[in-house]
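Take a look at the structure below.
Numbering (this note's numbering), first residue to last: 1 to 210.
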């Protein structure tokens, strides 16, 4: 039997006896009984999508938070100069790296706050509101993390290769630890951006099937 099948039950009413008049036969009454089953047969796979969404958010938290901490703690001073004359490289010396730390910190905070909404989507897979809200903010986070990662990647490229036309010298031969850490942070941010893109695709796919 289909989940939305309707069963019709025919009930014949007794003849009404009135004094001095002929008895009128009443027409049979029809009572409709709807079998109550799942009204949304697609709830199963939507719950699976919501669970996958939750797992991806946990992975994105790890990537964005690692990128934030790695970049925010990057600082190297070359050891062969006196305390009055030193060469030092720190993330806050460059606006692009500062923007990188702020953007990934915002993305990490958003991901933590989005977890309860993701759980609601698991419990109520057919709810449109939480899914639509996550979709909107995930799109914003895609733009933010991609912009931050791209800006930092440009600086990392110059640090590794320099630019002879502008007389910018590569510094990674001297500041090896600094370059390794910022390069790893950029990779982590790009991973977080890729996960955000996947989250947007999943949310859009789930909403399209409503």
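The beta-carbon is built from N, C-alpha and C at its ideal position, and this holds for glycine as well.
The beta strand (DSSP E) with residue i in it runs from where to where?
{"i": "residue 90", "result": "88-90"}
Apart from the five residues just before and just after residue i, which ones in its own chain have a Cβ nearer than 8 Å to its Cβ?
{"i": "residue 179", "result": "156, 159, 160, 171 and 172"}
{"i": "residue 135", "result": "200, 203, 204 and 207"}
{"i": "residue 119", "result": "54"}
Since residue i sits in a beta bridge, which residues does DSSP pair it with?
{"i": "residue 76", "result": "89"}
{"i": "residue 163", "result": "168"}
Short of 7 Å in beta carbon distance, which residues of its chain neighbour residue i, apart from the five on each side in sequence? Order them along the chain.
{"i": "residue 51", "result": "122"}
{"i": "residue 105", "result": "68"}
{"i": "residue 241", "result": "Outside the displayed range of the chain (1 to 210) lies residue 241, so it cannot be described from this structure."}
{"i": "residue 148", "result": "99, 100, 103, 104 and 189"}
{"i": "residue 175", "result": "76 and 89"}
{"i": "residue 198", "result": "56"}
{"i": "residue 151", "result": "96, 99 and 100"}
{"i": "residue 142", "result": "193, 196, 197 and 200"}
{"i": "residue 65", "result": "108"}
{"i": "residue 184", "result": "70"}
{"i": "residue 138", "result": "196, 199, 200 and 203"}
Between which two residues does the alpha helix (DSSP H) holding residue i run?
{"i": "residue 124", "result": "It is not in any alpha helix (DSSP H) - residue 124 carries neither H nor E in the DSSP assignment."}
{"i": "residue 180", "result": "176-208"}
Within 8 Å (strictly less), CB to CB, does residue i reach chain B?
{"i": "residue 46", "result": "Here there is only one protein chain, and chain B is not present."}
To which residues of the same chain is residue i closer than 6 Å at the C-beta, ignoring the five residues directly before and after it?
{"i": "residue 82", "result": "Confidence at residue 82 is low in this model, with a pLDDT of 49, below 50, so the placement of that residue should be treated as unreliable; the coordinate-derived value is given next. Here the set comprises nothing."}
{"i": "residue 146", "result": "193"}
{"i": "residue 153", "result": "186"}
{"i": "residue 91", "result": "71, 74 and 97"}
{"i": "residue 177", "result": "76"}
The stretch 61-77 contacting the stretch 121-134, beta-carbon criterion three pairs below 8 Å: Not touching, per the Cβ criterion.
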